[in-house]
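Here the structure comes first, spelled out in structure tokens, and everything after it is commentary.
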Amino acid sequence: MIRREEVAARLTLHAPLAVAVLVSFIRDAVLTTGSAGVTIGLSGGVDSSLAAALAVRALGPERVHGFLLPYRTSSADSLADAQAVVAHLGLAARTIDISPMVDAYFDANEPEAEPGRRGNKMARERMTILFDQAKKLRALVLGTSNKTEILLGYSTVFGDNASSLNPLGDLYKQQVWQLAEHLGLPASVIQKRPSADLWPGQTDEGDLGFEYKVADEVLYLLFDRGLTPAEVVERGYPAAAVSRIVQYEQTFRFKRRLMLIARLSGSAVNLDQEIPRD
Amino acid sequence: MAEESSTLRVGLAQIDSRLGDVEANLARHLSWIEEARQRAVDLLVFPELSLTGYRLLHLTPRVALRPAGSPVLATLATAAGGMSVVVGLVEEDERGVLHNSALLLQDGGPTLVHRKIYLPTYGIFQEERFLGAGRRIGLAQVRGNRTGLLICEDLWHPSLASRLAVAGAKLLVVPSAGPGRIGAGELPESQESWELVTRSTALLNTCWVVYCNRVGWEEGSFYTGGSHVVRPGGELVVRAPILEEHLLVAEIDLRDADRLRFKLPLIDDERFDIEGPA
């Protein structure tokens, strides 16, 4: 039976092969739909940066349309990192400030809304822009949700989880980092703490209450290896984190059946595991 | 009818198919047949369900063919001329049951129809929902050499290959639509598994195995490609690239099976009459 210290190696991919497969996925989807390219929202985070880098490999920079979509409270570092990725990939990217659209709604109608609601609105505002631009450019919207956040349901439904195709949906967060490193993305993008940047100081791991490394390994043991939560805890993972991960997974299952995922592992969400909505 | 010969030029047409578009796939088959002819191929093998694509689900009845009187098959048989050609299709039988079939076309028509016996219905696979299982195995002659035909999952149930070999098959032809999955290795994990199976089959049955797997993407899942030829005894002779369309041509000597069978008489020693366990 698998031991905890073996898990990290099991999550390691052959990076050149993974990149070749994912590049083929993007190219095939664009070709078979007769699209001219892809649109992608660039947050300066590792997920969207990796997706953009894969798309550039698949299609060339001129067919990858990057959009920086900051809100007025978005961190300056996020924007700088996104610009670094744009420069690194040689993209022609556009910046569209979403503050007027988001504020217009809340100021006139819902001035008391808490940050979570405002964050969801921002994610959905970005989605509508990416889909509108895709229409204009005859492009597909490239998704950036990874397997960890899909399984945990850590996303805004019809917001950041909406896409036409998603090359990252069968990659755990660590595998995203691994491929980002392999493709030589800027170090600041890979090393910073992941954040949805929906309000100042937000971090994913702070929101979730556990680290990505733990989440990836626990989810791998539960989903790819078929262990029970009790068997995962027996392997030395903190019981509180395991129980929280299980709870996330069960609560947010309904968010999963919306997207086209690049299957890599033999345990891809929706394809190998058709778990119905609760 | 082609003259007898103990050496054969085998061609593996590792193609992508358009899901549900028989007409487009037929046109592509014709161009690959032409290319194979220019390379003096005796036996050309297309992948499983090459005329229809694999993941048909509820499209299955729309693309089904009755071989007798089918203009599609007549066109293919005419194009094949003196070449033996194996194509994959959804076959409707006399009772209206649909099968995942492979047809060997020779001298203007089908000489062997193999209906896939083991229909995988687990994980990503759903064949039993849509297809009926075949109930018999048969042999054909390719330039005087006894040849058996098995489709994909059939090879994972070793009794079939064993029975064909004992009945005299020196060559097993295996069209496949094997989905890919990757891990830490340079080769996809799916490829490692398949080569373990094809090589074991060639060792335990002292026969040639030619495995033709498709490429391309369907619903977010890719097919590995990696078609290959295995010598009696289990040595991998040649392998097509992963992920790309390719015509792999290899010359095989069927006398290699006879020579090995003298040294390693597994086939002659085989017993199907063992009783028990109680």
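Quick note, the sequences are listed as chains A and B, same order. For the first sequence, my numbering begins at 87 and goes up steadily by one. For the second sequence, my numbering begins at 673 and goes up steadily by one. Just so you know, even glycine gets a beta-carbon here, dropped at the ideal spot from N, CA and C. In this text, all values refer to a predicted model and were calculated from it rather than measured experimentally.
{"query": "Boundaries (first-last residue) of the alpha helix (DSSP H) holding G202/A", "result": "P201 to L223"}
{"query": "Interface positions of the region 102 to 124 of chain A facing chain B (Cβ-Cβ less than 9 Å), listed along the chain", "result": "P102, L103, A104, A106, V107, S110, F111, D114, A115 and T118"}
{"query": "Chain A contact for G692/B (CB, 7 Å cutoff)", "result": "no"}
{"query": "Residue-level contact to chain B via CB, S164/A, 7 Å cutoff", "result": "no"}
{"query": "Under the three-state DSSP convention, the category D364/A falls into", "result": "Caution is warranted here: a pLDDT of 38 is assigned to D364/A, below 50, making its placement in the model unreliable, and the coordinate value is therefore given only provisionally. Coil."}
{"query": "Coil, strand or helix - D925/B by DSSP", "result": "strand"}
{"query": "Backbone CA spacing between W880/B and T732/B [nearest angstrom]", "result": "32 Å"}
{"query": "R711/B beta carbon less than 7 Å from that of V952/B", "result": "The structure shown does not extend to residue 952/B, since chain B is modelled only from 673 to 950, so the question has no answer here."}
{"query": "For F111/A: DSSP bridge partner residues", "result": "Partner(s): none; F111/A has no beta bridge."}
{"query": "Three-state class that DSSP yields for I276/A in the structure shown", "result": "helix"}
{"query": "Chain B within 7 Å of H151/A, Cβ atoms only", "result": "no"}
{"query": "Paired residues, beta bridge with H918/B - DSSP", "result": "Q686/B"}
{"query": "Outcome for T870/B when other beta-carbon atoms lying within 10 angstroms are tallied against a minimum of 16", "result": "buried"}
{"query": "L346/A at chain B interface by Cβ criterion, 7 Å", "result": "yes"}
{"query": "Contacts of S351/A in chain B (Cβ-Cβ under 8 Å)", "result": "R853, I854 and G855"}
{"query": "Contact set for Y726/B: own chain, Cβ-Cβ below 8 Å, skip 5 residues either direction", "result": "S689, L691, E720, A849, R886, E890 and Y895"}
{"query": "Touch test, the region 826 to 836 of chain B against the region 793 to 804 of chain B, Cβ-Cβ under 8 Å, three pairs minimum", "result": "no"}
{"query": "Residue interval of the beta strand (DSSP E) (run including P743/B)", "result": "Where P743/B is concerned, there is no enclosing beta strand (DSSP E), although the alpha helix (DSSP H) it sits in stretches over P743 to A752."}
{"query": "Among R681/B, L775/B, Q798/B and Q778/B, nearest to E825/B - alpha-carbon criterion", "result": "Q798/B"}
{"query": "Contact between the region 245 to 265 of chain A and the region 116 to 136 of chain A (3+ Cβ pairs under 8 Å)", "result": "yes"}
{"query": "Counted within 10 angstroms of its Cβ, other Cβ atoms place F934/B as buried (16 or more) or exposed", "result": "exposed"}
{"query": "Helix, strand or coil at L285/A [DSSP, three-state]", "result": "For clarity, residue 285/A is Trp in the given sequence; the question names Leu instead. Looking at W285/A - three-state DSSP - the assignment turns out to be coil, as it is neither helix nor strand."}
{"query": "Whether L775/B touches V762/B by CB criterion (7 Å)", "result": "no"}
{"query": "C884/B - DSSP class collapsed to helix/strand/coil", "result": "strand"}
{"query": "Straight-line Cα distance separating E916/B from R158/A", "result": "46 Å"}
{"query": "Euclidean distance between Cα positions of A856/B and T98/A", "result": "6 Å"}
{"query": "Span separating the alpha-carbon of L723/B from that of R738/B", "result": "13 Å"}
{"query": "Distance, S185/A Cα to Y191/A Cα", "result": "10 Å"}
{"query": "Assumed close pair G239/A, R210/A - CB separation to whole angstroms, cut-off 8 Å", "result": "The pair is not a contact, with the Cβ atoms about 16 Å apart (cut-off 8 Å)."}
{"query": "Whether N252/A touches G229/A by CB criterion (7 Å)", "result": "yes"}
{"query": "Which listed residue (F111/A, I126/A, R203/A and L128/A) has its alpha carbon closest to that of A144/A", "result": "F111/A"}
{"query": "Short Cβ contact (7 Å threshold) for L936/B with N817/B", "result": "no"}
{"query": "Three-state secondary structure (DSSP) of E320/A", "result": "helix"}
{"query": "Rounded separation between R330/A and E800/B - CA only", "result": "38 Å"}
{"query": "Own chain, CB closer than 6 Å to D283/A, minus 5 neighbours either side, in chain order", "result": "S160, S161 and S164"}
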